[in-house]
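The opening residue of the sequence shown carries number 42 in this note's numbering; numbering runs sequentially from there. We treat Cβ as the ideally placed atom computed from N, Cα and C, and that holds for glycine. Following: one structure in structure tokens, then a few remarks.
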Amino acid sequence: LLPIVENLMAGEVESASFKEAQEPYAVILAPTRELALQIYNEAKKFTHGTIIRSCVAYGGVSVGHHLRDLDKGCHILVAAPGRMHDFVRRGKLSFTKLKYYVLDEADRMLDTGFRGGVEEFAKLWKSDEQGNRHILMFSATFPQDVQELARKLLKPDYLFLTVGSIGAANTDVEQVILQVPKLKKLDTVKSLISDDCDRTLVFVELKKTADFLGANFSLTLTKSTTIHGDRTQEQREDALHTFRSGEMKVLVATSVAARGLDIQDVRHVINYDLPKTIE
Numbered sequence: 042l043l044p045i046v047e048n049l050m051a052g053e054v055e056s057a058s059f060k061e062a063q064e065p066y067a068v069i070l071a072p073t074r075e076l077a078l079q080i081y082n083e084a085k086k087f088t089h090g091t092i093i094r095s096c097v098a099y100g101g102v103s104v105g106h107h108l109r110d111l112d113k114g115c116h117i118l119v120a121a122p123g124r125m126h127d128f129v130r131r132g133k134l135s136f137t138k139l140k141y142y143v144l145d146e147a148d149r150m151l152d153t154g155f156r157g158g159v160e161e162f163a164k165l166w167k168s169d170e171q172g173n174r175h176i177l178m179f180s181a182t183f184p185q186d187v188q189e190l191a192r193k194l195l196k197p198d199y200l201f202l203t204v205g206s207i208g209a210a211n212t213d214v215e216q217v218i219l220q221v222p223k224l225k226k227l228d229t230v231k232s233l234i235s236d237d238c239d240r241t242l243v244f245v246e247l248k249k250t251a252d253f254l255g256a257n258f259s260l261t262l263t264k265s266t267t268i269h270g271d272r273t274q275e276q277r278e279d280a281l282h283t284f285r286s287g288e289m290k291v292l293v294a295t296s297v298a299a300r301g302l303d304i305q306d307v308r309h310v311i312n313y314d315l316p317k318t319i320e
């Protein structure tokens, strides 16, 4: 975000104004609503007091609400792929001035069924030959399909940067594996969580498991909340807010919250179920 904002500020950026089709200079795609909203909030902080205007678009809320905000002007668009393509079909977005196309959590984009749309848009936009457009991909893992996507969308001599060793665990985080019988999983995880526990994030595979654990923890341990795909957008945002603020000590989540979310002071992360893949 910061390099994009810096480059836009150094260039000639038009003031935000009403247009039939907005022409953003940067589009940042995220696979989940929560991550899109988080990036958007950071973009607003970085551009406060400047002429650069950021907008956000994702499903689960009124299309009209996002369109009204978009109509006021948009330099940086943070969006979930589905809602962005909806705006393109409606003729509300034009990419004639686009300079930066960013895919955050690129591997999740492929998992969530957006690959076709992401590739189609990138190939059309890539046809520009002026050399002043940039495609950036960020991913926590680099499986083969992500590498293939990079080869398709990026220039042959694209720059590949890694932080630490690919696939390696964070050496600053203590990791413990507890092997317990299935019938004792609940009692074991509850023994790790006390009523005065530090902020704890519990990951599960199924939505029904999230609801069960959240209710059980709230009744027997401490204030807990849940986040998964069946909850409304308002409920999901409220769950994250109460967990971030410390009102709720435990957040039980499916993979919706597994990537990219920045939550301060989380002391413990528990994988109640084994993940489906090593990534």
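- Task: Counting only the same chain and skipping the five closest in sequence on each side, list residues whose C-beta sits under 6 Å from that of residue 306.
- Result: 240
- Would you be able to state if there are at least three C-beta pairs under 8 Å between the region 54 to 62 and the region 258 to 268? no
- Message: Between the alpha carbons of residue 126 and residue 231, how many angstroms are there, rounded?
- Response: 43 Å
- Grouping DSSP H, G and I as helix and E and B as strand, with all else coil, what is residue 312? strand
- Message: Please report the distance separating the alpha-carbon of residue 88 from that of residue 220.
- Response: 48 Å
- Message: On the CB-based measure, 16 or more other CB atoms within 10 Å of its CB, does residue 75 come out buried or exposed?
- Response: buried
- Task: Tell me where the alpha helix (DSSP H) around residue 120 begins and ends.
- Result: Careful: residue 120 lies outside any alpha helix (DSSP H), inside the beta strand (DSSP E) at 117 to 120.
- Message: Let's test the definition: count the other Cβ atoms within 10 Å of the Cβ of residue 69 and tell me whether it reaches 16, buried, or not, exposed.
- Response: buried
- Message: Quick check on DSSP: helix, strand or coil for residue 244?
- Response: strand
- Message: I'd like to know whether the C-beta atoms of residue 187 and residue 145 end up nearer to each other than 8 Å.
- Response: no
- Using the Cα positions of residue 286 and residue 235, report the straight-line distance between them to the nearest angstrom. 19 Å
- Got a sec? Which residues, its chain only, sit under 7 Å from residue 303 by beta carbon, not counting five neighbours each side? 79
- Alpha carbon to alpha carbon, what distance is there between residue 150 and residue 103? 23 Å
- Message: Please list the terminal residues of the continuous beta strand (DSSP E) segment that includes residue 70.
- Response: 67 to 70
- May I have a chain-ordered list of the alpha helix (DSSP H) segments no shorter than 4 residues that lie completely inside the region 215 to 289? 226 to 233, 248 to 261 and 274 to 286
- Message: Which of the three DSSP states is assigned to residue 175 in this structure?
- Response: strand
- Query: residue 292 lies in the alpha helix (DSSP H); which residues open and close that run?
  - Reply: No alpha helix (DSSP H) contains residue 292, which is instead part of the beta strand (DSSP E) from 291 to 294.
- Task: Helix, strand or coil for residue 56, going by three-state DSSP, please let me know.
- Result: coil
- For residue 273 and residue 159, the rounded distance between their alpha carbons: 25 Å
- Task: Using three-state DSSP, classify residue 305 as helix, strand or coil.
- Result: coil
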